[in-house]
Each structure stands twice: as structure tokens, then as C-alpha cells.
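Quick note on the numbering used here: the sequence shown kicks off at 2 and runs consecutively. The beta-carbon is built from N, C-alpha and C at its ideal position, and this holds for glycine as well. Treat the numbers as computed from the prediction; the structure is a model and nothing was measured.
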Amino acid sequence: MDGSRPWRVFLLGGLVALGVYVLLPYGPFRDAFYASVGLSGAAASFLVAARLRGTVGLAWALMGLGLVGTATGDLMWLYYDHIAGVDPFPSPADIAYLLQYPFVTAALLLLARHRRTPGDRGALLDSAIVTAGLLLPYWVLLIDPNIGGHESTFDQLVALAYPLADVVLLAGLVRLLSVSGARTPSFRLLTLAMVSLLTGDVIFISTEGAEVFGLPLGDAPFLMSYVLWGAAALHPSAQDLLSTSSDGVPSFTTRRLLTLMAVVLLAPGTMAAQLVSGFELSAWPVTITSAVLFVLVVARMSDLLHRLQDQARMLDEVARTDTLTGLPNRRTLDAQLAREYARAERDGTPLCLAMVDLDRFKLFNDTHGHQAGDLLLTGAATAWSLVLGGRDMLARYGGEEFVLVMPGREPADAEALLAAMRAATPQEQTFSAGLALWDGRERPSDLLHRADLALYAAKEAGRDRVVRASGSRPGPPSRART
Numbered sequence: 002m003d004g005s006r007p008w009r010v011f012l013l014g015g016l017v018a019l020g021v022y023v024l025l026p027y028g029p030f031r032d033a034f035y036a037s038v039g040l041s042g043a044a045a046s047f048l049v050a051a052r053l054r055g056t057v058g059l060a061w062a063l064m065g066l067g068l069v070g071t072a073t074g075d076l077m078w079l080y081y082d083h084i085a086g087v088d089p090f091p092s093p094a095d096i097a098y099l100l101q102y103p104f105v106t107a108a109l110l111l112l113a114r115h116r117r118t119p120g121d122r123g124a125l126l127d128s129a130i131v132t133a134g135l136l137l138p139y140w141v142l143l144i145d146p147n148i149g150g151h152e153s154t155f156d157q158l159v160a161l162a163y164p165l166a167d168v169v170l171l172a173g174l175v176r177l178l179s180v181s182g183a184r185t186p187s188f189r190l191l192t193l194a195m196v197s198l199l200t201g202d203v204i205f206i207s208t209e210g211a212e213v214f215g216l217p218l219g220d221a222p223f224l225m226s227y228v229l230w231g232a233a234a235l236h237p238s239a240q241d242l243l244s245t246s247s248d249g250v251p252s253f254t255t256r257r258l259l260t261l262m263a264v265v266l267l268a269p270g271t272m273a274a275q276l277v278s279g280f281e282l283s284a285w286p287v288t289i290t291s292a293v294l295f296v297l298v299v300a301r302m303s304d305l306l307h308r309l310q311d312q313a314r315m316l317d318e319v320a321r322t323d324t325l326t327g328l329p330n331r332r333t334l335d336a337q338l339a340r341e342y343a344r345a346e347r348d349g350t351p352l353c354l355a356m357v358d359l360d361r362f363k364l365f366n367d368t369h370g371h372q373a374g375d376l377l378l379t380g381a382a383t384a385w386s387l388v389l390g391g392r393d394m395l396a397r398y399g400g401e402e403f404v405l406v407m408p409g410r411e412p413a414d415a416e417a418l419l420a421a422m423r424a425a426t427p428q429e430q431t432f433s434a435g436l437a438l439w440d441g442r443e444r445p446s447d448l449l450h451r452a453d454l455a456l457y458a459a460k461e462a463g464r465d466r467v468v469r470a471s472g473s474r475p476g477p478p479s480r481a482r483t
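1) May I have a chain-ordered list of the alpha helix (DSSP H) segments no shorter than 4 residues that lie completely inside the segment 84-130?
2) Is Gln101 buried or exposed, if buried means 16 or more other CB atoms sit within 10 Å of its CB?
3) Is there a Cβ of chain B sitting closer than 8 Å to that of Ala413, yes or no?
4) Report all residues from its chain with a CB closer than 6 Å to the CB of Ser244; omit the five preceding and five following residues, and keep chain order.
5) Does DSSP put Pro408 in a helix, in a strand, or in coil?
6) For a test of the three-state rule: what should DSSP assign to Arg469, helix, strand or coil?
7) Does the beta-carbon of Val319 have 16 or more other beta-carbons within 10 angstroms, so that it is buried, or is it exposed?
8) State the start and end residues of the unbroken alpha helix (DSSP H) segment that holds Asp502.
9) With 16 as the cutoff for other CB atoms within 10 Å, does Arg482 come out buried or exposed?
10) Where does Phe280 fall in DSSP's three states?
11) Taking buried to mean at least 16 other C-beta atoms within 10 Å of its own C-beta, is Glu341 buried or exposed?
12) Going by alpha carbons, who is nearest to Leu378 out of Phe155, Pro427, Leu419, Asp241?
13) List the whole-angstrom C-beta distance separating Tyr227 from Gly42, where the pair is believed to meet the contact cut-off of C-beta under 8 Å.
14) Helix, strand or coil for Thr1 per DSSP?
15) Check Ala455 in the structure and name its three-state DSSP category.
16) Taking DSSP as the reference, what is the three-state secondary structure of Gly380?
17) How big is the Cα-Cα spacing for Arg474 and Glu411?
18) May I ask you to report which of helix, strand or coil DSSP gives Ala462?
19) Helix, strand or coil for Ser433, going by three-state DSSP, please let me know.
20) Measure the alpha-carbon distance for Met2 versus Leu76 and round it to whole angstroms.
21) Rounded to whole angstroms, what is the Cα-Cα separation between Leu405 and Lys363?
22) Quick one: residues in its chain with C-beta nearer than 7 Å to the C-beta of Leu19, no 5 flanking neighbours on either side, listed in chain order?
23) My output table needs one value for Val264: the three-state DSSP class, helix, strand or coil.
24) Starting from Val388 and walking both ways along the alpha helix (DSSP H), at which residues does that stretch end?
25) Cβ of Ala458 within 8 Å of Cβ of Val467?
26) Beta carbon of Leu419, beta carbon of Leu395: below 8 Å?
27) Run through DSSP, which three-state label would Leu13 get?
28) Here's a check: name, in chain order, each residue in its chain whose Cβ is nearer than 6 Å to the Cβ of Val159, leaving out the five neighbours to either side.
29) For the beta strand (DSSP E) containing Leu359, list its first residue and its last residue.
30) Does the beta-carbon distance from Ala97 to Gly74 come in below 8 Å?
31) On the three-state DSSP scale, how would you describe Glu341?
32) Between Ala452 and the ligand ATP, is the CB less than 7 Å from at least one heavy atom?
33) Report back the beta-carbon spacing between Ser179 and Asp127 to the nearest angstrom; my notes put them in contact at under 8 Å.
34) Please return the same chain residues whose Cβ sits closer than 7 Å to the Cβ of Asp156, not counting the five positions on each side in sequence.
35) Residues bridged to Ala396 by DSSP?
36) Just to check my reading of the structure: Asp304 and Arg423 have Cβ atoms closer than 8 Å, yes? What is that Cβ distance to the nearest angstrom?
As C-alpha cells, this is what we get:
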């Protein structure tokens, strides 16, 4: 059978079953039919869990256990209502129903944990903001009205357990949606199943399970969630629930911004709605929610600020560094040379500069390939950097050319440093260098020009040597090896 066919068959069959259920008369057969749909979703989840194993398999197994819990509750409800003839609420059936929530929430959080990327603190704060914001209307509309409306404390606790369990499930779903990761068809079907389940709970709590026009329309969202659950499990992309997107850390998109803004406005919106409608104000819930949201929003702003600062530092590093060798680039060289000029002029200290060029680099590239040439450049940059002093700066000037700035060094000392660099050059390669000493008057560009002329003189003299520029207290050219 085509791998994409089972989930389509399950989805279509589930929709047909949903239509049949709504038309069935009240009785044990209808309740048994209802439970069978939930068990089919559990069977699909366990089937995929056995096939996939690992983290994804565990997540599907947990969701399957949740569906078994709710189906068991349905069967127990059938027994109490139609066989024992007692009120099913509250009863052990509620324990089975409530077991669904920790299992499913654990599965959602497990998936979220493995889908998240390093540095997703912002996504965690976003999920906390959304959960806290949605908790307020949930409290005002569903939880608060149910407080004190039952005969015993036990009945009260059981009644409150359902909306509170919904809040926990909602937190898990929001957390899963907030992290980065591929939005596969299975992921979308699973999300719709969770939304349908939460919608069913809201309708059931609001209507206390009453039928609409004599039809069990309030049960439709629950059945729909079971069908979507099974379809998500059977979809070929069910194995990819841990796949991360290429975007990495979730970006602060306009849609995310609008979502957070709408959620934050729920607190004042709730109070405004109560004022307009004349209902009793939920002063403390609104106050507490507003305070929590304020703290979370400030934390989110702080996270964004730190991320912007980190990105600014990274961009600054990229702007100042040569990508291949990791050495300072020409822009950084110009800035550092200007600073060293100012220091040398102020303190009266010497300033030497050398232009360094790898000998016959084009021939090396043509013989060994560009990748080998890149490795030579990076290897040379690393080896030379190890012999530099604390104030010396080696920068990549372009191609196979480098500039060495040596503040505080006399030409003889600079030549000794260049000799050490030549000895450290990897792969038995050589370089030529032109050395110039600042005369106390010339501009940085003139100093570079004199060093460049000396470099050409070294090349003309046979390479593998250092030549001092005119005006740099000339002496005999040094030669380390031939």
C-alpha cells in the first residue's frame, strides 16, 4: 500500500464515523462507538511508536497512553450511565479522563525539548507570555464560575481539575509551537488535534455536556481530535517530528509580534469587557496577570537586547576579520596603524612595518589546487601568529600578501622577528618581505608604499629574503634559507 494512503483512509473514515456518531440515538451503542474512535487513534499511535522507537517513538507512545486513558474513561462512563444506572460524575471515570493530560503534555514537552535549538530563551519566554495571557480569560470564563457550584469538596476538585488540566496542556502546546522546527504535515495534524481537544473541553465545560438541538455536537471536537491524532501518527512525516528548520533560532517575526501584542492586551481587554457588560470585575486575576505579563515582557525585551548586542559584536568581528585566515583585515589594519602612529608620535618610539608575500604562491595554487592554497594561507597565518610579540599585529592585506605592524621595534629587532616567522612558514614554503621604519613625518600610506617597494626589491633579488626600505637605516639584506 502506498505510504501516503493509510493516513488518508484513516482521516476519511474518521470523518465518516464522526457523521455517523452525531446521528446515532442516545444509548450504550453510541457511547461504545465513541470510545472505539478514541481507541483507533491510540492504536495508530502505538503502531507508529513500535515502528519508530527512540524519542519520536516515545512521544507517540505517550500520546497513545493518553488516548487509552480517555477511551477507558468513555467505557467506564458507559458502564455507570447505562448499566449501573448511577451518575458518572464524579467517578473513577474522571481519573481515566484526567490521565490523558499528563501523558499528552509530557509528549508535547518531549518533542519541544528535542526540536529546540540552542539560544531559544526567547521562544521559552514567548510561550510563557502566551500561556499567562490566555490563562486569564480561561479563568474568568471557565474556572471561576465553577468554584463553589458543587455539593461537595470532592466534586469541586474534580470539576476544577479539568480546566486546570487544559491549562497545562495548553502550556505544552504553546511551548511546542514556539520552538523552531519543521512544520511537517504530521506536525500540523497533531497541532489541529490538540486545538480540537482544547476546543471540546471549552465547549463541554461551558455547556456542562448538554446536547444542541438534541444532537451530541459538543462531542464532535473530541472525536475530531482522535481522528486527527490517528492521521498524524499514520502520516509518513510522523517520523520527522524532531526535524529542525533551517532557520535555527525562531526569528521575531511580525506574526509573532502581533500574537504577543494580542495576548498582552487580553488583561485590559478582559477588564474593559467586564466594565461594559456590567459583570463583576475580576480585579485580582487581572492585576496578577498584568504583573506577570509585565515581568515576562521585560524579560523578553532584555533577551532581544542581548541578542542584538551579540549580533552587533559578531558583525563587528566579521567586519574586522579576514574570513579565511582569521587575521585582522585591511580595515582593521588601517585603524590599528593610525593608533600606532599616534602613539609613536606621542612617545617618540620606533614603528616598523613589513609587507610579507608568500613566494610563488600562484604556482603552488596551480600545482596543488586552490584548497591546498587556502590551507597554506591559514597554516602560515597560524604559525606566524605564534611567534609574534604582544603588541605586534599581523594582518592579511590581500591574496598572499600580509602586513606586519611592529610598534616599539627597531629594524634589527624587526628583522629577527621576520626571520623567526620565515623559519615557521609551513610546508617548506618561503616568503619575501619589505621592511620600513617610520621616519617620523610620513603618512601611513607612504610607509606602506616604501615597504611595498622594498618587497618588490626582495622579489627581484631572488625571493626568500627581507629587504629594508630606503630611509630605514639600511643594512645588508638578511637571508634565512635558500
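On the basis of the data shown:
1) 93-116
2) buried
3) Absence of chain B from the displayed structure is noted, only one protein chain being present.
4) Ala183
5) strand
6) strand
7) exposed
8) Past the edges of the chain, shown from 2 to 483, lies residue 502, and the structure says nothing about it.
9) In this prediction, Arg482 has a pLDDT of 34, which is less than 50 and means its spatial position is unreliable; what the coordinates show is noted afterwards. So Arg482 counts as exposed.
10) coil
11) buried
12) Pro427
13) 4 Å
14) Because the chain here runs from 2 to 483, residue 1 falls outside it and cannot be looked at.
15) helix
16) helix
17) Residue confidence for Arg474 is low, a pLDDT of 45 falling below 50, so the modelled location carries little weight; the figure read from the coordinates is stated next. Those two C-alpha atoms are separated by around 10 Å.
18) coil
19) strand
20) Model confidence at Met2 stands at a pLDDT of 49, short of 50, so the residue's coordinates are unreliable; what they give is reported in the following sentence. Roughly 33 Å between the two C-alpha positions.
21) 22 Å
22) Ala221, Leu224, Met225, Val228
23) helix
24) It is not in any alpha helix (DSSP H) - Val388 carries neither H nor E in the DSSP assignment.
25) no
26) no
27) helix
28) Pro91, Asp95
29) 352-359
30) yes
31) helix
32) Annotation note on the ligand ATP: not contained in the displayed structure, which lists no ligands.
33) 5 Å
34) Pro91
35) Val404
36) In fact, because the Cβ distance is near 50 Å, the residues do not count as touching under 8 Å.
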